[in-house]
């Protein structure tokens, strides 16, 4: 796999999410991890929001986060 070439192609295209290089990376990373899905996001904050949605918490469920973390950890909750 030509990682440098794929990285340069993504940078040159300006498509850092939802582009063909990202789709290829998602497929290959999911296969490497032995899972069905992998999703590339534009930020850690977006990733945290997706994780929280995927966990399907209900009103009243307790969610604990670290008090000394970036605000995105708490705002995703």
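Numbering (our numbering), first residue to last: 219 to 295.
C-beta atoms are modelled at their ideal positions from N, C-alpha and C, and glycine is treated no differently.
Nothing here was measured: the structure is a model prediction, and the numbers come from that model.
Exercise. Counting pairs of beta carbons, one from the region 252-263 and one from the region 222-233, are three or more of them closer than 8 Å?
Worked result: no
Problem set entry | Residue range of the alpha helix (DSSP H) that includes residue 274 | Taking the first residue of the chain shown as position 1, residue 274 is located at position 56. No alpha helix (DSSP H) contains residue 274, which DSSP labels as neither H nor E.
Exercise. Which two residues bound the contiguous alpha helix (DSSP H) that contains residue 234?
Worked result: Along the chain shown, one-based indexing puts residue 234 at 16. Unbroken run through residue 234: none, as it is neither H nor E.
For this session: Would you check if there are 3 or more beta carbon pairs closer than 8 Å linking the region 243-253 to the region 268-286?
Result: no
For this session: Would you mind reading off the limits of the alpha helix (DSSP H) that contains residue 290?
Result: Taking the chain shown and counting its residues from 1, the one referred to as residue 290 is at position 72. Residues 289-293.
For this session: Report buried or exposed for residue 266, applying the criterion of at least 16 other Cβ atoms within 10 angstroms of its Cβ.
Result: Here residue 266 corresponds to residue number 48 of the chain shown, with the count starting at 1. Label assigned to residue 266: buried.
Problem set entry | Exposure label - residue 269; buried when at least 16 CB within 10 Å | Looking up residue 269 in the chain shown gives position 51. Answer is exposed; the Cβ neighbour count stays below 16.
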